[in-house]
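J.: After the structure tokens below, expect a handful of questions from me.
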Amino acid sequence: MSQHPKPLIAGNWKMNGMRANLSELGIMGAHFTPELRKITDLMICPPFPVLGLAAEMARGTGIHIGAQDCHEKYSGAHTGDVSANMIFDAGATAVIVGHSERRIDHKERDTTIASKAQAAMDVGLQAIVCIGETKTERDAGRAISVVRRQLKASVPAQADPQKLVIAYEPVWAIGTSLTPTNADILEVHAAIRADLKRVFGKTAGSEVRILYGGSVKPNNAREILALDHVNGALVGGASLKAADFMAIATALA
Ligand code: 13P
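Per the working numbering, the sequence shown starts with residue 445, numbered consecutively.
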């Protein structure tokens, strides 16, 4: 893996995480040594009720806190929703948008995801935009075209590349212990990189981090993170326990 951009290992806790589970965040912080901080960024994205608490706990540890979704507007009559500026106000520095679970559970479309990403960037948050094909799409040989289409439509037209992170998460690899072959990951990441360079120019397009997500575990992290154009990982299940998450983070060392 090239040293630029600096890798990011981000943990998506999904709908897991009570206040008591924040002790894991405390352990992660204690193990995020100055040496490790030099080679990787770390982030945990807990559910909303503990977001502010997590941000307070993470202060001074170097671990960034992110949210898992935001609304495209900043205020108003949207019962149950949370805006990007509220997330920023809670002390987070990033937000995941367009996760396949939201695309499926909440029927989120690319245009909505692009608006959410823009809202996040406008308040100074990093937007982690998720894209990825289903098993049917991969089996039909359409993985690359699906991912490129999602990338084009889910990244806002006015995106700030410095606030953009792309997460390639094949839907069929999430929570299944299945992963694409290294060659398949490489092919998709290279295609994403080429498109980012076309949109943002060679330099800015090369600086956008492209994370791989989907069944990243301590035992496969090293080989996945070593692939070209893989600038980190978006980790689900293995981010809930500090021991697993830090084993993934130190796979880079
Ligand atoms: P798993 O690591 O549990 O497969 O989840 C991946 C994911 O969806 C992260 O956003």
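Idealized CB from N, CA, C, for every residue including glycine.
Name the two residues that bound the continuous beta strand (DSSP E) containing R653.
T.: Segment 653 to 657, the beta strand (DSSP E) holding R653.
J.: Helix, strand or coil for Q570? Go by DSSP, reduced to three states.
T.: Three-state result, Q570: strand.
J.: Pop quiz: D604 and M565 are said to be a contact at Cβ under 8 Å. What is the actual Cβ separation, rounded to whole angstroms?
T.: Going by Cβ atoms, the distance from D604 to M565 rounds to 5 Å, so yes, they are a contact pair.
J.: Comparing the CB of G473 with every heavy atom of the ligand 13P, is any distance shorter than 7 Å?
T.: Flag unset: Cβ of G473 not near the ligand 13P.
J.: Any heavy atom of the ligand 13P within a distance shorter than 7 Å of the CB on A686?
T.: Not so, every heavy atom of the ligand 13P lies at least 7 Å from the Cβ.
J.: Could you pull out every residue in the same chain whose Cβ sits closer than 7 Å to the Cβ of Q447, ignoring the five residues on either side in sequence?
T.: Confidence is the limiting factor: at Q447 the pLDDT is only 47, short of 50, which leaves the residue's position unreliable, though a coordinate-based value still follows. Closer than 7 Å at Cβ, skipping near neighbours: no residue.
J.: For the 8 Å Cβ check, are there 3 or more pairs between the segment 642 to 662 and the segment 614 to 621?
T.: Yes, they touch.
J.: For I453, name the three-state secondary structure that DSSP assigns.
T.: DSSP places I453 in strand when its eight states are reduced to three.
J.: In this structure, does DSSP put V679 in helix, strand or coil?
T.: Three-state result, V679: strand.
J.: Span of the beta strand (DSSP E) holding V539?
T.: 538 to 541 is the span of the beta strand (DSSP E), which, as asked, contains V539.
J.: Taking a contact to mean a Cβ-Cβ separation below 8 Å, would you say L595 touches V652 in this structure?
T.: Cβ atoms of L595 and V652: not closer than 8 Å.
J.: If you draw a straight line from the alpha carbon of M445 to that of Q606, how long is it in whole angstroms?
T.: Annotation note: pLDDT 44 at M445 (below 50); position unreliable, no value reported.
J.: Run the proximity test for V660: is its beta-carbon closer than 7 Å to any non-hydrogen atom belonging to the ligand 13P?
T.: Checking every heavy atom of the ligand 13P against the Cβ of V660, one is found closer than 7 Å.
J.: I'd like the ranges of any beta strand (DSSP E) spanning at least 3 consecutive residues and lying wholly in the segment 448 to 502.
T.: Counting only runs of 3 or more, we get 452 to 456, 485 to 489.
J.: Beta-carbon separation of S598 and A558 under 8 Å?
T.: Going by C-beta atoms, S598 is nearer than 8 Å to A558.
J.: For L480, would you say it is in contact with chain C, using Cβ-to-Cβ distances shorter than 8 Å as the test?
T.: Included in the structure is just one protein chain, with no chain C present.
J.: Taking the DSSP output, what are the residues bridged to G510?
T.: Per DSSP, A538.
J.: I believe D485 touches H508 by the beta-carbon criterion, under 8 Å. Please report the beta-carbon distance rounded to the nearest angstrom.
T.: The pair is a contact, with the Cβ atoms about 7 Å apart (cut-off 8 Å).
J.: Just mark G680 as buried or exposed, buried being the case when its beta carbon has 16 or more other beta carbons within 10 Å.
T.: It is buried - the Cβ of G680 has at least 16 other Cβ atoms within 10 Å.
J.: Confirm, please, whether the CB-CB distance from D583 to R546 is below 8 Å.
T.: Not closer than 8 Å, so no.
J.: Within 8 Å, do at least three Cβ pairs link the segment 460 to 471 to the segment 481 to 498?
T.: The answer is yes - the segment 460 to 471 touches the segment 481 to 498, with three or more Cβ pairs under 8 Å.
J.: Quick one: is the Cβ of A682 within less than 7 Å of any heavy atom of the ligand 13P?
T.: Yes, the beta carbon of A682 sits closer than 7 Å to at least one heavy atom of the ligand 13P.
J.: Pull up the distance between the alpha-carbon of I488 and that of A511, whole angstroms please.
T.: If I take the Cα positions, the gap works out to 8 Å.
J.: Which class does L622 belong to by DSSP, given the choice of helix, strand or coil?
T.: It is coil, neither helix nor strand.
J.: Tell me the rounded alpha-carbon separation between T523 and G649.
T.: Distance between the alpha carbons of T523 and G649 is about 37 Å.
J.: When every heavy atom of the ligand 13P is checked, does at least one fall within less than 7 Å of the C-beta of G524?
T.: Result no, Cβ not under 7 Å from the ligand 13P.
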